[in-house]
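*Asks:* Below is a structure I'd like to ask you about.
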């Protein structure tokens, strides 16, 4: 315990010194204006899922289906886990979309990734999806892949909130003639394991691999090319010679490796940190951009109530305000000011009436919640 | 003065100096000088200042750091205070007393008699405080029940400890109660402390449903430490059935908020199922029978 405390103190001092250093250093570059930052953000949001993750999902799926078809005792379920700030559903959907599955029928359950307005209807929604008939044309002897890309939407942390998961478990264990692909947020999976020991039934859940610096560079290449970031390094005056050039190249590789390290290998976190590291060169007339060293944003001071809100959002991935209030058992009028403060601090963001944690804050938040004795989905 | 027959080599003045030196060694109190007095006053002031500073610093720091380190910092307070006291008292004793073997025996004998009569309880409390420091019957940050008082140990002094009750009262309890009174410690240096929540129903109630609701109430509460077990137990009474939900909050400080949250969640679900509560008249009858 004392060692942990010393490590925590050392980490805090390190981050404090880093901040002071960056404030003291005279940075000739300027942060991006808001309009330009939003434009780059839209470009990044339009990027495809990183190829490394698609390859991983397809490979795992191929191996699992092959094993299931050849061995009757092999598992007929593949569970893929991701971080709450890296929704798994788009990854699974993209992997299945551009791929010829080694099955006759591929059917997605609950393709709309939102909970019903009435929290008590969550279990009914899942039961109804499980009773849905297969698409027309599917024969009795066909091999069927049933995909539930977002298990997070099938439960809420309240009384009877995860009864649908129990039903799903029973159906999956009963229907060995179908192959099941489930995607889930790692925190939700851990919660479900605490409350219904789901890991005992499906022990082989796989976590999406962490992306390396090279993976991230390749993924962001279209945007950085558009912004002229690669060209900026090439256009440097060449009088410094090859040594200087190779030093610049090594520094760039180091920055991508650092980005991968800070973002824990998550592409959503990396995208946010990368955007934060883009700087505008004020001397350049064309408004040339440069990539500075990425850094994690500072986590604002949190109250216990804030921590419970953030923990609940990380377990559920994304939540409507009324569902969050219902799950926490707090009246809405007490919760709203806290949510507004967290939105203002940039810890939360709201999209399509749902709240979720801002990916850039995730690494610091995991440490904060673990130090507050709350469980986390990280190893 | 007539000197007895002496060895020819021994001179009378040397013998006199030796006798004086012997007398000063036998004296318990050392020679008192102005410098020694100033140094003693400074040492006492320094010790007092250090204790006040350490007390404030540990309280401030323990509330600033992450929750899991709070108790570790709080628990160091009595040891740091004890260390300052031991160093200061040793320094003062060294300054003002001639502590040879004979003097030490004489001093302890005198002190034993004096303290035995005048400060018996005070010394008993100090000794109990030191014993408790190593026995760890209670530490700063623990939630304890001593006699009729329940609360968090917020202060640990030489003679007594301070309990902060749920009603925000500070109760000072001498350490020497350790010799005679039972001390119930809810968390013993851990962040979590078990909370027992009782609910009561009529005998006709669907016990499986009640137990399932209670389990789910505990698992769904954001205050519950899911790494620790959740258990529901039942007891039968003449007037009805008692269910006890045993679970742990993430932070023992949330004990009452947690219990309220559990009851609110459970009662909302009980109301949906219209579960029958026990008859009040039967409960009163049993109470009367127990008293009689």
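Residue numbers (my numbering), protein chains in the order written: chain Z, 588 to 966; chain R, 14 to 305. Quick reminder that beta carbons are idealized off the backbone N, C-alpha and C, glycines included.
(1) CB residue 238 of chain R to CB residue 895 of chain Z, shorter than 7 Å?
(2) Nearest by alpha-carbon distance to residue 803 of chain Z: which of Z:722, Z:844 and Z:679 is it?
(3) Which of the three DSSP states is assigned to residue 60 of chain R in this structure?
(4) Considering only the beta carbon of each residue, do residue 692 of chain Z and residue 731 of chain Z sit closer than 7 Å?
(5) Identify, in the order they occur along the chain, each residue of the same chain with its Cβ nearer than 7 Å to the Cβ of residue 291 of chain R, setting aside the five sequence neighbours on each side.
(6) Per the DSSP calculation, residue 938 of chain Z is bridged to which residue(s)?
(7) What number of angstroms, rounded off, separates the C-alpha of residue 670 of chain Z from the C-alpha of residue 966 of chain Z?
(8) Residue range of the alpha helix (DSSP H) that residue 786 of chain Z falls in?
(9) Taking only the alpha-carbon atoms, compute the straight-line gap between residue 668 of chain Z and residue 773 of chain Z and give it to the nearest angstrom.
(10) Taking residue 163 of chain R as part of the beta strand (DSSP E), name the residues at either end of that continuous run.
(11) Rounded to whole angstroms, how far is the Cβ of residue 226 of chain R from the Cβ of residue 279 of chain R, which I believe are closer than 8 Å?
(12) For the region 623-636 of chain Z against the region 786-796 of chain Z, do three or more pairs of beta-carbon atoms, one drawn from each stretch, fall closer than 8 Å, so that the two count as touching?
(13) How many angstroms separate the CA atom of residue 695 of chain Z from the CA atom of residue 735 of chain Z?
(14) On the DSSP bridge list, what partners appear for residue 115 of chain R?
(15) Could you pull the start and end residues of the alpha helix (DSSP H) that residue 147 of chain R belongs to?
(16) Suppose only complete runs of 4+ residues qualify. What are the alpha helix (DSSP H) ranges in the region 615-648 of chain Z, listed by chain order?
(17) Using a Cβ-Cβ cut-off of less than 8 Å, list which residues of the region 733-752 of chain Z approach chain R; keep chain order.
(18) Name the chain Z residues that come within less than 8 Å of residue 226 of chain R, Cβ to Cβ?
(19) Taking only beta-carbon atoms, is residue 239 of chain R less than 7 Å away from chain Z?
(20) Quick check on this structure: which residue in R:60, R:198, R:169 and R:276 has the alpha carbon closest to the alpha carbon of residue 185 of chain R?
(21) Check the C-beta distance from residue 275 of chain R over to residue 288 of chain R and give it rounded, since I have them as a contact under 8 Å.
(22) Would you say residue 272 of chain R faces chain Z, with C-beta separation under 7 Å as the test?
(23) How close, in whole Å, do the beta carbons of residue 760 of chain Z and residue 741 of chain Z come, if the pair is a contact with beta carbons under 8 Å?
(24) Measure from the C-beta of residue 782 of chain Z to each C-beta in chain R and report whether the shortest distance is under 7 Å.
(25) So, with DSSP's three-state summary, where would you put residue 889 of chain Z?
(26) May I ask you to verify whether the region 936-953 of chain Z touches the region 891-910 of chain Z, counting CB pairs closer than 8 Å and requiring at least 3?
(27) Between which residues of its own chain and residue 953 of chain Z is the CB-CB distance below 8 Å, once the five residues before and five after are set aside?
(28) Within the same chain, show all residues whose beta-carbon is closer than 6 Å to that of residue 138 of chain R, passing over the 5 residues directly before and after it, in chain order.
(29) Sorted by chain position, which residues of the same chain lie with C-beta nearer than 7 Å to residue 84 of chain R's C-beta, five sequence neighbours on each side aside?
(30) Taking Cβ-Cβ distances shorter than 9 Å, what residues in chain Z pair up with residue 163 of chain R?
(31) At what residues does the beta strand (DSSP E) containing residue 731 of chain Z begin and finish?
(32) Who are the neighbours of residue 786 of chain Z on chain R, taking C-beta pairs under 7 Å?
(33) For residue 904 of chain Z, decide whether its Cβ has a neighbour in chain R, counting only Cβ atoms nearer than 7 Å.
(34) Consult DSSP for residue 741 of chain Z and reduce its assignment to one of helix, strand or coil.
(35) What residues from the region 947-960 of chain Z come within 9 Å of chain R, judged by C-beta to C-beta, listed N to C?
(36) Please report how far the alpha carbon of residue 114 of chain R lies from the alpha carbon of residue 960 of chain Z, in whole angstroms.
*Replies:* So, from the listed chains and residues:
(1) Between residue 238 of chain R and residue 895 of chain Z, the C-beta gap is not smaller than 7 Å, which leaves the two residues out of contact.
(2) Residue 803 of chain Z has its Cα closest to that of Z:844, out of Z:722, Z:844 and Z:679.
(3) Three-state result, residue 60 of chain R: helix.
(4) Cβ distance < 7 Å, so residue 692 of chain Z and residue 731 of chain Z count as in contact.
(5) If we look at residue 291 of chain R and ignore the five residues flanking it on each side, its Cβ neighbours are 213, 214, 215, 252 and 253.
(6) The partner list for residue 938 of chain Z (beta bridge, DSSP) reads Z:941.
(7) Looking at the two C-alpha atoms, the distance is approximately 11 Å.
(8) Where residue 786 of chain Z is concerned, the enclosing alpha helix (DSSP H) stretches over 785-788.
(9) Cα-Cα distance, rounded: 5 Å.
(10) DSSP places residue 163 of chain R in the uninterrupted beta strand (DSSP E) bounded by 162-169.
(11) Sure, about 6 Å apart at Cβ, within 8 Å.
(12) Short answer: they don't touch.
(13) Approximately 6 Å between the Cα atoms of the pair.
(14) Per DSSP, none; premise fails for residue 115 of chain R.
(15) Following the DSSP letters along the chain, one finds residue 147 of chain R inside the alpha helix (DSSP H) bounded by residues 133-148.
(16) For the region 615-648 of chain Z, whole alpha helix (DSSP H) runs of length 4 or above, ordered along the chain, are 621-632.
(17) 744, 745, 746, 747 and 748: these are the residues of the region 733-752 of chain Z whose beta carbon lies less than 8 Å from some beta carbon of chain R, given in chain order.
(18) Result: 746.
(19) Closer than 7 Å to some Cβ of chain Z, the Cβ of residue 239 of chain R qualifies, so yes.
(20) Closest option to residue 185 of chain R, Cα to Cα, is R:169.
(21) With 8 Å as the limit, residue 275 of chain R and residue 288 of chain R do not qualify as a contact, their Cβ atoms being about 16 Å apart.
(22) For residue 272 of chain R, the nearest beta carbon of chain Z is not closer than 7 Å to its own beta carbon.
(23) 16 Å between Cβ atoms; not a contact.
(24) Chain R, which has a Cβ nearer than 7 Å to the Cβ of residue 782 of chain Z, makes this yes.
(25) For residue 889 of chain Z, the secondary structure class from DSSP, reduced to helix, strand or coil, is coil.
(26) The region 936-953 of chain Z, when compared against the region 891-910 of chain Z, does touch it at the 8 Å Cβ threshold.
(27) Taken in chain order, the residues that qualify are 963 and 965.
(28) Closer than 6 Å at the Cβ level, and outside the excluded window around residue 138 of chain R, lie 172, 187, 188 and 189.
(29) The answer, listed in chain order, is 154, 202 and 204.
(30) The contacting residues do not exist; residue 163 of chain R stays about 22 Å from chain Z at best.
(31) Its beta strand (DSSP E) spans residues 731-735.
(32) Here the premise fails: no neighbours, minimum Cβ distance about 13 Å.
(33) Interface criterion not met: the Cβ of residue 904 of chain Z is under 7 Å from no Cβ in chain R.
(34) Helix.
(35) Only 954, 955, 957, 958, 959 and 960 from the region 947-960 of chain Z bring a Cβ to less than 9 Å from some Cβ of chain R.
(36) Note on geometry: alpha-carbon atoms of residue 114 of chain R and residue 960 of chain Z lie some 54 Å from one another.
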